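What follows is a single structure, written as structure tokens, with notes after it.
Residue numbers (the working numbering): 4 to 231.
Here's what the structure looks like:
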């Protein structure tokens with residue numbers, strides 16, 4: 004029992020680590036703040052991410068330090084002046100941003116796999132889509148599918164190395180961390196739907212095959228499990 008409890012604790016810790024890394028790459032996969040307001044719904048909520056990464060723009064005692072002037076470090080002053088002298092980076096279209104983010108995500112997965120660990124097929128599918136000049140909707144679909152498979156297939160250690168997971172999802176549905184992980188991925192798909200980046204039918208198919216079936220629940224019970 005003690006061994007099992009220790010294993011469960013490690014798995015919960017792994018889910019937290021993996022969530023932090025996936026949230027980072029949700030930001031990479033997002034179309035960034037420069038995209039028009041019609042695509043703003045694609046941006047994932049920053050609340051869970053900032054829970055792991057406290058804001059550097061606020062002090063813990065900001066209420067008492069609103070009027071305190073803090074000198075900038077030399078390199079901050081230099082970089083500020085240097086950046087203002089540089090030409091502005093060309094604005095990318097939605098399609099160009101998505102293609103760039105897809106390439107970054109592929110590189111991240113490939114570079115994070117442990118020695119001898121195979122990439123899930125969705126990595127190659129995304130690479131093929133890029134090579135074949137896939138449009139924005141196809142890239143969005145491939146990225147979303149890869150996000151889910153990354154989270155469900157690999158453990159992520161403290162060094163950011165991915166290894167095959169042995170975690171039994173169906174046996175741990177009562178774990179709040181597991182529930183939260185599924186809810187986050189599910190809601191991310193809903194955001195893609197509402198923003199028009201993916202069709203409702205496409206998201207439903209992905210959620211059914213890659214999330215709901217992994218729990219062994221019916222679609223109705225799955226919604227109930229997530230609190231809807």
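Glycine is no exception: its CB is placed at the ideal position from the N, C-alpha and C atoms. It should be emphasised that the depicted structure is a prediction, and the values quoted were computed from it without experimental measurement.
The continuous stretches of alpha helix (DSSP H) do not include residue 93, and DSSP gives it neither H nor E.
Per the coordinates, the alpha-carbon of residue 177 lies some 31 Å from the alpha-carbon of residue 111. As computed with DSSP, residue 167 is found in a beta bridge with 157. Pairing residue 157 with residue 150 gives a Cβ-Cβ distance that is not under 8 Å. Counting the other CB atoms within 10 Å of its CB gives residue 194 a total of 16 or more, which places it among the buried residues.
Our two residues, residue 221 and residue 160, have alpha carbons roughly 32 Å apart in a direct line. A direct Cα-to-Cα measurement between residue 162 and residue 230 gives close to 34 Å.
Only exposed fits residue 212, as fewer than 16 other CB atoms lie within 10 angstroms of its CB. Between the region 120-130 and the region 169-189 there are fewer than three C-beta pairs closer than 8 Å, too few to call the two in contact. When the Cα atoms are used, residue 147 and residue 94 turn out to be separated by approximately 24 Å. Under the criterion of beta carbons closer than 8 Å, residue 143 and residue 201 qualify as touching, at roughly 6 Å. Closest in C-alpha terms to residue 131, from the list 114, 119, 115 and 105, comes 105.
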